Amino acid sequence: MPRYLAGRFAQALAVLWAAYTVAFVILHILPSDPITLQLSASGADINTLTPAQIHTLKARYGLDDPIVSQYLHHLWDALHGKLGMSLTQNVSVGSLIGDKLPATLLLTAVALPITLVLGFGTALLATYVQWRPARVLLARLPTVGVSLPQFFVGLLLIQVFAFSLSWLPATGHQSGTGIILPAVTMALPGSAMLAQLLTRSLSDTWSEPYITTARAKGLTRAAVQLRHALRNASLPALTLLGVVVGYTVTNSVVVEAVFSRSGIGALTQQAVLGQDVPLVQAIVLVASVLFVGVNLIVDLLYSLLDPRVATAARLA
Amino acid sequence: MSTPTRDRTTTRDRSRPSRPRRRLAVAAVSVVAALGLAACGSGSGGSAAADGGGAGGATSGGGTPVHGGRLKLAFWNDLQACIDPNQVYWIESRSLDRNIADSLTDQDPKTGKIVPWLASSWTVNADATEYTFKLRQGVTFSDGTKLDAAAVKTAYDGTRALGPRSTLGVTYLAGYKQTTVVDPSTVKVEFSTPNAAFLQATSTTTLAILSPATYRETPEARCAGKIVGSGLFTLDSYSAAKSAKLTRRTGYAWPSSLVANRSEAYLDGIDVSYIAEDSVRVGSLTNGTIDIAWPRQPISSADQDVIKRSGGVIETRALPGISTNLYPNATAGHPLSDVAVRHAVYKALDLPSYTKTIFWDGYPVAKSPLTSTTPYVADETAKLTHDPAGAAKLLDGAGWTLGSDGYRHKGGAKLTLVYLANAASPGDQLIQDQLKKVGIDYQIKVVTAAQLTPTATAGNYDLVPGYLTRADPSVLGSLLNAAGSTGYTAKYSQDAATAAKVSELFGRGLSTVDPTARAGVYKELQDYLIDNGLVFPIADRLQVIGLTKKVHGFAWTSESFLRANDLWLAK
């Protein structure tokens, strides 16, 4: 087991390093230099500066070094938690991320239980119900959920629940209820995927011989569903859940734009459009830490829930 | 004498018949205008303007003002992420700054006249290089510091020291030599070259006077909200693109003469949020979550109807300064290097149908490179009329012949104009359609905001858009005076001889103090720009905002920003 753990951990670190490096390379082969970008962000034009001023600015950001030493320098700093200054927003990248990340993490934290309830609920119903039309409808519902674009769902929820019914606020960080609509919007695609996967694996499990045995012992459908089928069917769902949580940053881009929430998603959009290299680099790092971290936890949980996983790893 | 501003585009609500109050306001305007401009340089006047500003300003009046309540205001975005008035060019931030920080002077939105504020009077020398201001007594910053001549010097020197960080400050303080403290209540600002636009500049948020302590903060910290002014609100908190909170300054008693309320604000404070989605912003206004919706793009006529049906009010006023214009790349190798082709573009563009299609019937059509509320705007309509046959004739004469594909060609090359921008709008597509009718292939090239400046600086375009807000005609120099601006719009639109003439005209504008003479120079300048095809006006720029019926006492500043002194909320 310790060897399995160490191996998974090393893998995770390798993925993080690769993500950081790929982002660095891509950002540095883009055609335009950070100084011009920074100046145009503050409304100035690079032509207004003398070569000496440009040189000073470049030296300040370490942009006059060769690219490899810039890379090593940035990597070293990143390892020490120093992410540099934002080119467009006049503050350090660390403080920007520290400022915006909690709101997005909270959103994910609220969205996760909604994802679980909707996903598991739909799948359990879809496989439990025996009336055929309802079964077909419930089995098709996730496909609809997956194909609805998030911005559309968000605007629809705002129109209905905020403007027509006035039950919930459309925007705002002030009130606690303001998080409900964005969280539901964020949860929908994930729960639809979860429901799809679970419905499938539950139906497969229902045709396993041990289910027949359980039914033969006289257990009710509900008991078989919850006690026998669900446990086995939910293992793949755990993997999917890891992916859904890992996509927090990506998912928040649209949701935060529609609901005017200030978080990592909105920051990502700004950073990418403004080509704010250090900021984009840091967001990539945060997103990969989230993704890799959550998936590492899922992998470890897997080995706890199903001892065969760790054993198989040892044998291999 | 001509009235330099045409504020008649300011209407409260187009669908309702004119009311007695408005007629009164218009009458007040003409009286003030008649008294007005002669006193422009001397700065002695102000009391007359106070009546005009008061009557016209409090448009949504009615009833006795009520104290209390926090105004909830939603802008669309905050891309510059800066609140320091000295640095920021983002107009939404400037609107807030107007209510946090005061300036030496104020500008009457009806007449363009400069009136006293923190300065009680001033004198200007004949060649516009020396300005002496007498300061008002009893003014304090919200940190308790007194406003005196030394504070003004610290502020102007500090703004100058920002250099290119203060996009607007660079031109507002063009030729700045020094500020000297004559005595504690007298300050003298000197220029090495004439700067007749400086008096207007002293009325702007860019040259707002902040507390001396503010200038000890780094420019980054100031952008992020470490600013202290003498305004009727103080800035409690600012989180870029997320929120801003303003709280009433107790004891405020030094508004400009344009304000009816001579003391503290009626409002307890202002809560600002940023809502990017139009439908969400309008919905939030109609259901009362916010009190004012303040987007950048004009609210569509359909959304205006929604707001009015909910009992809300629409306020409009053209932003003064540079219209929504296109600027040509007239360097060799580009089709627009031929002045005949540039003139053909004027004739191909159908501006009335543009405004009717993109905005609504009744939206002001562009008449000049300057918007309708800019002082000294000239009417160039006669040179901007739609004449496709004339355009075809000019293009034929220039050797661009119509091919079987519907586009014009010369020497095997297609007549293609590349329009470079960071976003494509329906308006751009309409222009594409209008130009296609005379055989011009208008290609819309969209790049990210970050890529726009480098691409344009390299000259890889035929036309680029550009506008800027300032209630003085000299603002055009920021984009078109190659002697004062090193930007691409000036650099690529003119050859050396043209640039010399353009710079000479801008220079004359800046060294002319007399209002009538200034009007003449700026008329000549606008004529020259159009006659030589150096700028293509596309549309006037209306600031359109929606208010709930709770909001009273709304007023615009001369730069079409928010003036919250007279604002109050009905309970």
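Here the protein sequences line up with chains L and R, keeping their order.
-4 is the number of the first residue of the first sequence in our numbering; add one for each residue after it.
9 is the number of the first residue of the second sequence in our numbering; add one for each residue after it.
All C-beta atoms in this analysis are idealised placements derived from N, C-alpha and C, irrespective of residue type, glycine included.
Since the model is a prediction, treat every value here as computed from it, not as a measurement.
From the options, pick the residue whose C-alpha is nearest to that of residue i; which is it?
i      : options                           : result
R/L423 : R/F241, R/A261 and R/P343         : R/P343
L/Q145 : L/T180, L/L176, L/S161 and L/R127 : L/T180
R/S101 : R/K196, R/K253 and R/T113         : R/K253
L/L113 : L/L133, L/L96 and L/Q125          : L/L133
R/T213 : R/K234, R/E272, R/P227 and R/Y97  : R/Y97
R/N333 : R/D441, R/F544 and R/F149         : R/F544
L/T172 : L/Q154, L/S202, L/S159 and L/L102 : L/L102
R/A490 : R/Y475, R/L513 and R/D449         : R/L513
R/S238 : R/P93, R/Q312, R/Q115 and R/G183  : R/P93
R/A249 : L/L25, L/A252, L/T51 and L/G149   : L/A252
R/F574 : R/D449, R/P263 and R/Q305         : Sequence check: residue 574 of chain R is Asp here, not Phe. Ranking the options by Cα distance to R/D574, first place goes to R/P263.
R/Y260 : R/S566, R/Q551, R/F562 and R/Q145 : R/Q145
R/V160 : R/S174, R/N107, R/T222 and R/K557 : R/T222
L/K95  : L/P108, L/V248, L/R226 and L/E203 : L/V248
L/V272 : L/L0, L/Q84, L/A7 and L/R222      : L/Q84
R/A134 : R/V521, R/A163, R/N468 and R/T465 : R/V521
I need the DSSP call for residue i, collapsed to helix, strand or coil.
i      : result
R/T113 : strand
R/A563 : strand
R/E198 : strand
L/V313 : Summary: the structure shown does not reach residue 313 of chain L, with chain L confined to residues -4 through 311, and so no result is reported for it.
R/L555 : strand
L/D60  : coil
R/G64  : Below a pLDDT of 50, predicted positions are generally treated as unreliable, and R/G64, at 37, falls in that range; no measurement from the model is reported.
R/F141 : strand
R/V321 : strand
R/G76  : coil
L/W201 : helix
Could you check if residue i is buried or exposed, using at least 16 other CB atoms within 10 Å of its CB as the buried criterion?
i      : result
R/S493 : buried
L/T16  : exposed
L/I62  : exposed
R/L443 : buried
R/A63  : Per-residue confidence for R/A63 stands at a pLDDT of 34, beneath the threshold of 50, marking its modelled position as unreliable; the derived number appears in the next sentence. Buried.
L/L176 : buried
L/V275 : buried
L/P302 : exposed
L/F4   : exposed
R/A458 : buried
R/G419 : exposed
R/D503 : exposed
R/K445 : exposed
With C-beta atoms as the reference, is residue i less than 8 Å away from residue j?
i      : j      : result
R/Q208 : R/D480 : yes
L/I393 : L/A266 : Past the boundaries of the shown model lies residue 393 of chain L; chain L is included only from -4 to 311, so the question cannot be answered.
R/D156 : R/P192 : yes
L/Q264 : L/T122 : no
R/S111 : R/A268 : no
R/L518 : R/A204 : yes
R/V195 : R/F141 : yes
R/P372 : R/A406 : no
L/L236 : L/L285 : no
R/R224 : R/F241 : no
R/L403 : R/G341 : no
L/L11  : L/S283 : yes
L/T99  : L/T208 : no
R/L359 : R/A338 : no
R/G554 : R/G320 : yes
R/A476 : R/G329 : Contrary to the premise, residue 476 of chain R reads as Leu rather than Ala in this sequence. Cβ distance < 8 Å, so R/L476 and R/G329 count as in contact.
R/F199 : R/Y180 : no
R/S281 : L/T166 : yes
Within 8 Å (strictly less), CB to CB, does residue i reach chain B?
i      : result
L/L268 : As a matter of chain content, chain B is missing from the structure shown, whose protein chains are L and R.
May I ask you to list, following chain order, the residues of the segment 150 to 167 of chain L that have a beta carbon less than 8 Å from some beta carbon of chain R? L150, I153, Q154, A157, F158, S161, P164, A165, T166 and G167
Members of the segment 276 to 307 of chain R that neighbour chain L once the beta carbon cut-off is set at 8 Å: S281, Y282, I283, A284, E285, S287, V288, G291, S292, T294, N295 and T297
When Cβ atoms are compared, which residues of the segment 430 to 462 of chain R fall closer than 9 Å to chain L? N430, T456, A457, A458, Q459, L460, T461 and P462
Any C-beta of chain L within less than 9 Å: which residues of the segment 247 to 273 of chain R qualify? S247, A248, A249, K250 and S251
Listed in chain order, which residues of the segment 214 to 247 of chain R have Cβ atoms closer than 8 Å to some Cβ of chain L? P227, E228, C231, A232 and S247
Which residues, taken in chain order from the segment 76 to 89 of chain R, show a beta carbon closer than 9 Å to some beta carbon of chain L? A82, L87, Q88 and A89
If contact means a Cβ-Cβ distance below 7 Å, which residues of the segment 227 to 251 of chain L contact chain R? none
Check distances from the C-beta atoms of the segment 76 to 99 of chain L to those of chain R and list, in chain order, the residues that come in under 8 Å. T83, Q84, N85, V86 and D94
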